[in-house]
Ligand SMILES: Cc1cc2nc3c(=O)[nH]c(=O)nc-3n(C[C@H](O)[C@H](O)[C@H](O)COP(=O)(O)OP(=O)(O)OC[C@H]3O[C@@H](n4cnc5c(N)ncnc54)[C@H](O)[C@@H]3O)c2cc1C
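In the working numbering, the protein residues as written are 54 to 522.
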């Protein structure tokens, strides 16, 4: 097989695989280089496994919520069923044979190994060199961040990858990091009987999320028995006969049988040989323009660009880069709406800016907040309806610039808000629209006065709709 192709894709992870398959479908020849699993983090160690755990844990919670509303239900959670589904159905036992076969059957040349640039159009893997005729896509992703914490290297801790392959659960767990992944896993494990403590150095869980939204999630976690420490980070870690003890900045200590480090992701491109290809990186992230070009004939997509570090962003970038390679003159990347979610229960859906971000960007922000239980669908839902809608509008531009939803199906509602932001939908059009009644996305309409004033305020007379005066 020849070592030359139109395009080399370095890293066949979540978006590299997508780009490679799209290019093959358009008749280009592609060499795909992957050192670990074709498909990358999302299907094996990230989105899909965590969301399968969330689904299982939510079933446990929903069953328990039946009490008092429909009758009594007893649920006896069994982790072996959950771990078995994750292994056999979701990740295929962390085996990418099917993905490799799919790539090769579409005509791709697959190379297993770690690639590094040898020049602007060439990549080496071991002793072999591969040449690109039209260009190279860098899609090398990110890895779990394990910061320097005194004593950590002497402790047998989990990263999120380890947590997702666990066939057995510890009796207790300290999670370092109260971001989306830390909060999601805290809730999953506590619902399967683990005594969980979360440690977050920022003043709130879910830093970067509207404080009102983070407060709802924090209250929900604490109500389920999670111990939440905020405003103090891990200063040192020591092993103990029973597991690990974490000394905190404020002098306190928390301990557990197992320690999970969920402090985010890091991108290390220092050994990719980027300088051989005249590609520039800042703090590890490859610098790209709106069409994901890193330099002439080299594109970078996904986590390695540092934009969002989310699958939806990685796949969005993939389609733009592929369009650019194929000469279809795609629209440059627009991250202004950035819909994203935290899959806790209640779920958090976010699009665009928070109120604080809007104000610090100089936007004349107007804000409306409505409790989810004061919307029609939320009120009907009753148990499990904790949450709120918070919308941020620019008065002078008469449009939404941000929105946060906490409650059932909030991730879907964020998609609706995100589209309104991106398309600059005037507020009066959002008010003067037909919403499915009753619906969770309709909560957005209710917050701004759709469904009619009488109905919209009937459930929440103290919180009248804004934006319509
Ligand atoms: C626990 C967790 C949960 C998450 N949940 C969500 C979620 O619910 N929704 C969401 O949108 N995002 C989620 N994410 C983020 C999402 O997984 C990533 O943003 C996405 O997978 C990034 O895709 P990528 O293609 O950039 O990188 P990756 O999928 O990491 O792929 C990069 C690939 O490149 C390979 N590689 C690296 N260097 C080389 C080299 N030199 N040579 C050859 N191969 C190389 C790697 O082996 C890897 O397979 C989650 C992340 C984590 C950690």
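Every residue, glycine too, gets a C-beta built ideally from N, C-alpha and C.
From a predicted model like this one, the values you see are computed outputs, not experimental measurements.
#1: How many angstroms separate the CA atom of residue 67 from the CA atom of residue 364?
#2: Measuring only the C-alpha atoms, how far is residue 335 from residue 362?
#3: If we ignore side chains and look at the alpha-carbon of each, how far apart do residue 294 and residue 88 end up?
#4: Is it buried or exposed, residue 522, if we count other Cβ atoms within 10 angstroms and call 16 or more buried?
#5: How about residue 100: is its Cβ closer than 7 Å to a heavy atom in ligand 1?
#6: Given residue 366, which residues of its chain have a CB within under 6 Å of its CB, disregarding the five upstream and five downstream residues?
#7: Specify whether the segment 438 to 445 and the segment 410 to 430 touch according to this definition: at least 3 beta carbon pairs, one from each stretch, less than 8 Å apart.
#8: Assess, as a yes-or-no matter, whether the segment 303 to 317 is touched by the segment 227 to 235 under the definition of 3 or more beta carbon pairs within less than 8 Å.
#9: What distance in whole Å lies between the Cβ atoms of residue 285 and residue 303, which are believed to be in contact at a cut-off of 8 Å?
#10: Tell me the rounded alpha-carbon separation between residue 247 and residue 124.
#11: Going by the C-beta, is residue 167 closer than 7 Å to any heavy atom of ligand 3?
#12: With a floor of 4 residues, list each alpha helix (DSSP H) that falls wholly inside the segment 437 to 465, ordered by position along the chain.
#13: On the premise that residue 345 lies in contact with residue 373, defined as a C-beta separation below 8 Å, what is that separation, rounded to the nearest angstrom?
#14: Just checking, does the segment 372 to 388 make contact with the segment 206 to 217 on the three C-beta pairs under 8 Å criterion?
#15: Could you tell me the boundaries of the alpha helix (DSSP H) in which residue 132 lies?
#16: Give me the Cα-Cα distance between residue 71 and residue 93, rounded to the nearest whole angstrom.
#17: From residue 407 to residue 257, what distance separates their C-alpha atoms?
#18: For residue 454, which residues in the same chain have their Cβ closer than 8 Å to its Cβ, ignoring the five residues on either side in sequence?
#19: Which term fits residue 459, buried or exposed, when burial requires 16 or more other beta carbons within 10 angstroms of its beta carbon?
#20: In this structure, what does DSSP give as the bridge partners for residue 175?
#21: If I measure Cβ to Cβ from residue 491 and keep anything under 8 Å in the same chain, skipping five residues before and after, which residues do I get?
#22: Going by C-alpha to C-alpha distance, which of 316, 468, 193, 264 sits closest to residue 389?
#23: For residue 195, does the count of other Cβ atoms within 10 angstroms reach 16, so buried, or fall short, so exposed?
#24: Going by the beta-carbon positions, is the gap between residue 62 and residue 85 smaller than 8 Å?
#25: Could you check if residue 150 belongs to the surroundings of ligand 1, using beta carbon to heavy atom distance under 7 Å?
#26: Could you tell me which of 114, 241, 140, 184 sits nearest to residue 438, measuring between CA atoms?
#27: Residue 319: which of 500, 269, 357, 75 sits nearest, CA to CA?
#28: Within the same chain, show all residues whose beta-carbon is closer than 8 Å to that of residue 118, passing over the 5 residues directly before and after it, in chain order.
#29: Let me check you understand the geometry: is the CB of residue 109 closer than 7 Å to at least one non-hydrogen atom of ligand 1?
#30: Can you have a look at residue 111 and say buried or exposed, based on whether 16 or more other CB atoms are within 10 angstroms of its CB?
#31: Just how far apart, CA to CA, sit residue 176 and residue 161?
#32: Who are the near neighbours of residue 354 in its chain, counting only those whose CB is closer than 6 Å to its CB and skipping five residues on each side?
#33: Identify which residue in 183, 253, 500 has its Cα closest to the Cα of residue 55.
#34: For residue 263 and residue 240, which I take to be in contact (beta-carbon distance under 8 Å), what is that distance rounded to the nearest angstrom?
#35: Run through DSSP, which three-state label would residue 392 get?
#36: CA-CA distance, residue 133 and residue 484?
Based on what the coordinates show:
#1: 7 Å
#2: 15 Å
#3: 37 Å
#4: The predicted model places residue 522 with a pLDDT of 37, which falls under 50 and marks its position as unreliable, so this point remains unresolved.
#5: yes
#6: 360
#7: yes
#8: yes
#9: 4 Å
#10: 27 Å
#11: You won't find ligand 3 in this model; what it holds is ligand 1.
#12: none
#13: 6 Å
#14: no
#15: 132 to 138
#16: 11 Å
#17: 15 Å
#18: 405, 406, 411, 416, 418, 445, 446, 447, 474
#19: buried
#20: 172, 184
#21: 428, 429, 430, 433
#22: 468
#23: buried
#24: yes
#25: no
#26: 114
#27: 357
#28: 436, 437
#29: no
#30: buried
#31: 16 Å
#32: 68, 192, 345, 370, 371, 374
#33: 183
#34: Not a contact, Cβ separation roughly 19 Å.
#35: coil
#36: 48 Å
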